[in-house]
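Worksheet: the structure to be examined is printed underneath.
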Amino acid sequence: MRSYLHIKAKGLWKFCALITIAIILACCGEIITGVDQPATATVGAVVPITVHINIPTVGNGGPDYLIFGFLVPKGWKAAQNTTITYTSPLGNGTMNLVPAGTVAKNGGGLDWPAYMKKTFQIGGNLIDDMEWVAYQSDKAYPHSDGNAISGDLHIKIKVGADGNNTLVKLGYVITDTGNGFTSDGNGTYYSEKVTDCFELTGGTGDLVDFCNPQLTTINPPKSLDNDIITLTFDGTVVETKLIDSNPTETYLCATAYTSDGKTISVCEQTDKTKMVQTASGSKKFQVTFWPKAFFGTTGTQTITKIEYFVTDKTGAIKVGYGNTLAPFVYTFKCS
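Each number in my numbering corresponds to the 1-based position in the sequence shown with 1 added.
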């Protein structure tokens with residue numbers, strides 16, 4: 002009897018082992034196993050980042066090219082300021098920018114950056130001024146016999162081309178040219194990794210915080226004084242005296258700084274400055290305006306920045322940056 006139980010146990014062990022192997026083989030597709038990225042850097046520095054990848058394969062297929070997506074602030078101009086190489090058991094090489102307009106596999110007619118944006122959006126960042134930059138390996142690789150291909154992507158990026166101090170979550174995604182961002186019975190053919198907030202300091206521009214909810218935002222994030230902009234105050238981010246006093250009456254109080262050294266203030270509680278609640282009880286308020294008309298600048302004056310508060314109907318209660326009495330600051334720039 003003991004012999005029978007021993008044999009049965011061995012058979013069960015083998016069965017479980019086969020099931021485990023089957024599960025492992027079923028997990029076919031590119032995997033980001035880790036990212037080595039510094040937590041901070043200074044504007045203008047060249048930052049090294051290593052992305053560790055593993056590609057389990059099933060059956061015979063390909064060869065396919067590795068596709069890599071890098072999520073970064075648009076102002077960093079990553080396409081012009083980034084180089085990527087790779088090392089792997091199949092050889093070393095470079096990752097090159099995917100030619101503009103290249104239609105992505107299973108992307109519904111979208112090119113690779115647009116397909117990445119549709120699939121992964123902006124990676125948990127809160128300001129939509131991010132872009133996915135798409136790269137492709139210079140060599141193709143096979144999918145054969147269940148062999149796993151491991152390797153590293155070595156990124157060097159010169160950060161902060163826009164000169165702004167920044168808090169941002171950088172994103173990384175991989176797939177291949179034969180599958181795109183799809184899954185089937187064999188597994189998932191892509192992998193995404195978004196890191197914790199990366200801090201960029203030492204810049205001369207505004208702090209751009211993609212990570213943390215903001216009391217105010219301006220859309221579009223980058224504009225000139227001749228563009229129409231929408232300023233939003235979000236009273237749900239933190240408790241403020243403004244929302245406590247009267248949650249339905251908010252106004253903009255702003256000062257413009259011009260290129261000829263003038264300052265122009267518009268701080269009145271009128272229909273011109275009134276911010277409209279986006280929905281009843283939302284505690285989110287907006288005002289849309291054309292800066293040149295709002296501040297009454299001449300044709301030869303250019304507004305370089307504005308400093309502003311959000312006030313109650315009396316103007317006595319003001320909310321500024323970080324729920325303090327320091328003004329919010331917005332610098333006009335096109336890139």
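Note that the Cβ used here is the ideal one computed from N, Cα and C, for glycine as well.
Spatial neighbours of residue 106 in its own chain (CB-CB distance under 7 Å, excluding positions within 5 residues in sequence) are listed in chain order as 178, 179, 180, 181. For residue 243, the three-state secondary structure derived from DSSP is helix. Counting the other Cβ atoms within 10 Å of the Cβ of residue 171 gives 16 or more, which makes it buried.
Excluding sequence positions up to five before and after residue 129, its CB lies within less than 7 Å of the CB of 123, all in the same chain and listed in chain order. DSSP places residue 116 inside the alpha helix (DSSP H), whose first and last residues are 113–121. Between residue 70 and residue 311, the alpha-carbon positions lie close to 39 Å from each other. Residue 173 carries a strand assignment under DSSP once its states are collapsed to helix, strand and coil. Taking all protein chains shown into account, residue 165 has 16 or more neighbouring C-beta atoms within 10 Å of its C-beta and is therefore buried. The beta-carbon separation of residue 332 and residue 207, rounded to 5 Å, stays under the 8 Å limit for a contact. Taken in chain order, the unbroken stretches of beta strand (DSSP E) that lie wholly in the segment 59–105 and span 3 residues or more are 61–74, 83–88, 94–98. In this structure, residue 139 and residue 51 do not form a Cβ contact; the two beta carbons are roughly 18 Å apart against a cut-off of 8 Å. With respect to the C-alpha of residue 94, the residue from 268, 155, 233 having the closest C-alpha is 155. Distance between residue 296 and residue 327, taken at the CA atoms: about 21 Å.
Relative to the Cα of residue 136, the nearest Cα in the group 216, 68, 53 belongs to 68. If only uninterrupted alpha helix (DSSP H) runs of at least 4 residues are considered, those enclosed by the segment 186–265 are 242–246. In the three-state reduction of the DSSP assignment, residue 284 falls in the coil class. Counting only runs of 3 or more residues that sit fully inside the segment 133–166, the beta strand (DSSP E) segments are 150–159, in chain order. Contact between the segment 255–274 and the segment 209–222 is not established, with fewer than three Cβ pairs separated by less than 8 Å. Here the segment 182–190 does not lie against the segment 198–214, with fewer than 3 beta-carbon pairs under 8 Å apart.
Look at the beta carbons and you see the segment 273–285 not touching the segment 315–330: under three pairs across the two are nearer than 8 Å. Of the residues 118, 104, 38, 157, the one whose Cα lies closest to the Cα of residue 86 is 157.
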